[in-house]
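Reviewing the structure listed below.
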Amino acid sequence: MSERLKLYLPLLVFAVLASLLYWGLGRDPRELPSALIGRPVPVFTLPALGEEGRIPGNFVVDKVVPMQSEEGRSVEDRPVEKSVLTQAIFAGQVSLLNVWATWCVSCRVEHPYLMEIAATGVPIIGLNYKDENAAAHSWLRDFGDPYQHNIVDAQGTMGLDLGVYGAPETYLIDRDGIIRYRHVGVVDDRVWATKLEPLYRRLLDAPDGD
Amino acid sequence: MMPAEPVAITTMVRSHRVVRGAVLANGSPSVKGILLLFAALLPALAYGVIEVDQLSSEELSQRYRGLIAKYRCPKCQNQNLAESDAPLSADLRKQIRTMLEEGASNRLIDQYMVDRYGDFVLYRPPVQSNTYLLWLAPAALTGVAALVIVVMLRRQRRGRGEQSTLSEQDSQTLDKLLKQSRRGEKSE
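Each protein sequence line maps, in turn, to chains A and B.
For the first sequence, our numbering assigns the number 1 to the initial residue and increments by one for each residue that follows.
For the second sequence, our numbering assigns the number 1 to the initial residue and increments by one for each residue that follows.
Okay, structure coming up:
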């Protein structure tokens, strides 16, 4: 019996190794898991991109944003000219945080998918990463604006705090402002359907304070 | 951050000519040629980003140089922060300089990097439950290899001094048969 084992051992080792490597083929070795999963969105105070280019009628009227970093769901729903945003904008809703820039070619590819996703009612908050306001405004005007808010991160400081290493990146953030998932790369309909949407629906149904 | 590029191109041009010289006319490589080729390509390893280091003290500069050599650039992933040209790398270097000026300890800066980019950003990952395999595997594999070698050597030694398992009579018959077959082969 031991002889037979010795005969088949190389084949066995090969089979194990081959299945391991085959599994590995489907994975991206450059992809880094986010170090912020399960932690709240970093504290920030950054300017908003401004309200031009907004698709009228698609979104709930802007909530009041507290200037200090207080938690809390906003009760009032009156339109406010927001000039400064903080992490409080994430409280009370399950949202996507999309890191994008006009110099990023993949973001252009991703954009139509974001428009579709936004049209289904998913709040998407943009982080305009190391970009220029004028370029960002033209982009949104020409291609459409799927964003509920757009945070201007001209220096990339919020990007550093989030652990951004390449645009586009999309974070899924729950009602309590906790980061639940990060996807690096273009979010197309397949990624949305297989990776993001199930988690999004689950977070929507989750009771508060989860 | 272009300075390294001309060096690389010159090295490539030089190395092309050296490659042709490293191989003799009959196609076999010469030792001297190969050594020359190796030496010509060495400058490509001396690649670093040139930045104006504005730290306020020599001690901070030293710490800075040590720190940027030990973090992996999250974007390039096979270069450390000292070598990487990426904008993210420049941002991180600037952040480290700021933190050094503010008096952060090396440990705090380590923690800053790991908090945002994970353990992967350190070239020496911490020894913890999910990295035991990583740290111990080389030693363990070497141990297994040594064991296999020892066992094989022992078997060989035993094999040489081993008594034949055949009886005296049988082994004579075997010798006769072998001689016959050899003679048979020679006559063919």
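The C-beta atom is built at its ideal place from N, Cα and C for all residues, glycine as well.
Where residue i falls, given that 16 or more other Cβ within 10 Å makes a residue buried
i	result
A:G121	exposed
B:Q111	exposed
A:D220	There is no way to answer for residue 220 of chain A, as the model of chain A reaches only from 1 to 210.
A:A119	exposed
A:S34	buried
A:L172	buried
A:P123	buried
A:D145	buried
A:F14	exposed
B:Q62	exposed
A:E110	buried
B:A40	buried
A:P29	exposed
B:T173	exposed
B:Y132	exposed
A:R4	exposed
Chain B within 7 Å of residue i, Cβ atoms only
i	result
A:G166	yes
A:L172	no
A:L32	yes
A:G177	no
A:A119	no
A:G24	no
A:A154	no
A:G163	yes
Chain-order list of residues whose beta-carbon lies under 6 Å from that of residue i (same chain, five-residue window excluded)
i	result
A:T170	L96, N98, H183 and V187
B:M99	I109
B:L60	L100
A:S106	P168 and V186
Interface flag, residue i vs chain A, CB-CB below 7 Å
i	result
B:P125	no
B:Y217	A query on residue 217 of chain B cannot be resolved here, the shown segment of chain B reaching from 1 to 188 and no further.
B:P29	no
B:L88	yes
B:R116	yes
B:P43	no
B:K75	yes
B:D85	no
Cβ-based neighbour list, residue i, same chain, cut-off 7 Å, excluding 5 preceding and 5 following
i	result
B:L81	I68, Y71, C73, S89, L92 and R93
B:A86	C73, K75 and C76
A:G156	Y129 and K130
Collapsed DSSP secondary structure at residue i in the structure displayed
i	result
A:I124	strand
A:P40	strand
A:V84	strand
A:D153	strand
A:A48	strand
A:V61	Its pLDDT being 41, under 50, A:V61 is placed unreliably in this model, and the value from its coordinates should be taken loosely. If DSSP states are grouped into helix, strand and coil, A:V61 belongs with coil.
A:S69	The predicted position of A:S69 is uncertain, since its pLDDT is 39 and thus under 50; a value taken from the coordinates is nonetheless stated next. Three-state result, A:S69: coil.
A:T219	With chain A covering 1 to 210 only, the question about residue 219 of chain A has no answer from this structure.
Beta-carbon contacts of residue i that lie in its chain and below 8 Å, excluding the five residues immediately before and after
i	result
A:I117	L96, I124, P146, V187 and W192
B:S84	V49, C73, K75 and C76
B:M113	Y71, L92, V121 and L122
A:S189	According to the sequence shown, residue 189 of chain A is Asp rather than Ser. If we look at A:D189 and ignore the five residues flanking it on each side, its Cβ neighbours are Y113 and E116.
Determine contact between the stretch 138-154 of chain A and the stretch 38-50 of chain A, defined as no fewer than three beta-carbon pairs at a distance below 8 Å.
Segments in contact, yes.
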